[in-house]
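Peer 1: A single structure is presented below for examination.
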Amino acid sequence: IATTASGTHLSINEALKMASGTRPVLAVLDDNGIPLYLGYGERIATPGQRLALIARDKGCTHPGCDVPATMCAAHHVIDWAKGGPTDLNNLALVCDHHHAMVNDSEHGWKTVMLGKDSPHRGRIGWIAPTSLDPTGTPRVNEKHHLAGQIATEIEISCQQWGARAA
């Protein structure tokens with residue numbers, strides 16, 4: 021049995037017929053009313069995609085933001101409403117504050133997936149509004165990626181130490 025938002029009970033077949041041509045919210049509940057699944061068409065990232073985003077992004081991707089992954093939403097780099105797919109190469113973790121800053125206005129920030137020509141390939145770049153950065157240079161958040169920074173610093177230190185020892 022399906023229950024509509026207004027409380028009407030229908031068969032699953034009737035509910036599917038009613039929902040054709042729309043983007044319905046599907047909530048599957050257990051016997052105690054606990055949600056087992058919540059989906060909105062194909063717009064919502066799957067649990068597996070969320071885990072992959074946590075592994076890749078580790079937290080909000082906006083440069084300098086230290087909000088952890090548990091407090092972030094899955095953001096579509098190319099907006100869902102503009103045909104952007106719900107695929108890992110089009111998703112990024114973003115906190116609510118920074119998510120609200122992404123828009124097409126002259127004051128809006130943009131997000132891009134960085135390509136193979138970038139040292140941050142596969143990560144999300146943020147482009148500030150022209151008034152803040154006329155160059156439009158994509159920037160990444162390094163706050164959640166300290167291990168890579170530490171490894172680079174150790175490598176540089178070792179190279180310097182080796183040069184001095186010689």
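Each residue of the sequence shown is one higher than the one before, starting from 21 at the first, in this note's numbering. C-beta: ideal position from N, C-alpha, C; glycine also.
(1) How is T172 classed by DSSP in three states: helix, strand or coil?
(2) So which of L73, G84, W146 has the shortest CA-CA distance to T90?
(3) Where do the N-terminal and C-terminal ends of the beta strand (DSSP E) with G145 fall, by residue?
(4) Relative to the C-alpha of W146, which residue among L36, A112, A93 is closest?
(5) Whole angstroms is fine: what's the gap from E100's alpha carbon to H140's?
(6) Return the residue from the list E126, P158, W129, H118 that minimises the CA-CA distance to D137.
(7) Out of R70, R143, T24, L71, state which residue places its alpha-carbon closest to the alpha-carbon of V48.
(8) Leaving out the 5 sequence neighbours to the left and right, which residues in its chain are closer than 8 Å to S31 when beta-carbon positions are compared?
(9) Which residues in the same chain have their Cβ closer than 8 Å to the Cβ of V160, if we skip the five residues on either side of it in sequence?
(10) Using 10 angstroms around the beta-carbon of G156, count the other beta-carbons present and answer buried if the total reaches 16, otherwise exposed.
(11) Report, in whole angstroms, the separation of the C-beta atoms of K102 and H165, which I expect to be a contact under 8 Å.
Peer 2: On the basis of the data shown:
(1) Against the sequence shown, residue 172 aligns to sequence position 152. Only weak support exists for where T172 lies, its pLDDT of 48 falling under 50; the value from the coordinates is given anyway. DSSP places T172 in helix when its eight states are reduced to three.
(2) Translated into positions along the sequence shown, residue 90 becomes position 70. Cα-wise, what sits closest to T90 is L73.
(3) Taking the sequence shown and counting its residues from 1, the one referred to as residue 145 is at position 125. 144 to 147 is the span of the beta strand (DSSP E), which, as asked, contains G145.
(4) As a working mapping, residue 146 is identified with position 126 in the sequence shown. The option with the nearest alpha carbon to W146 is A112.
(5) As a working mapping, residue 100 is identified with position 80 in the sequence shown. As a working mapping, residue 140 is identified with position 120 in the sequence shown. This sequence places Trp at residue 100; Glu is not what is there. Straight-line Cα distance between these residues: approximately 24 Å.
(6) Residue numbering aside, residue 137 sits at position 117 when the sequence shown is read from its first letter. Among E126, P158, W129, H118, the Cα nearest to that of D137 is on P158.
(7) What you label residue 48 is simply residue 28 of the sequence shown in a count that begins at 1. Here the closest residue by C-alpha is T24.
(8) Residue mapping note: residue 31 aligns to position 11 of the sequence shown, counting from 1. Cβ neighbours of S31 beyond the five flanking positions: I21, A22.
(9) As a working note, residue 160 is residue 140 in the sequence shown. Answer for V160: T81, P83, L134, H140, R143, I144, G145, W146, listed in chain order.
(10) Numbered from its first residue, the sequence shown carries residue 156 at position 136. Per the 10 Å Cβ criterion, exposed.
(11) Taking the sequence shown and counting its residues from 1, the one referred to as residue 102 is at position 82. Taking the sequence shown and counting its residues from 1, the one referred to as residue 165 is at position 145. 29 Å between Cβ atoms; not a contact.
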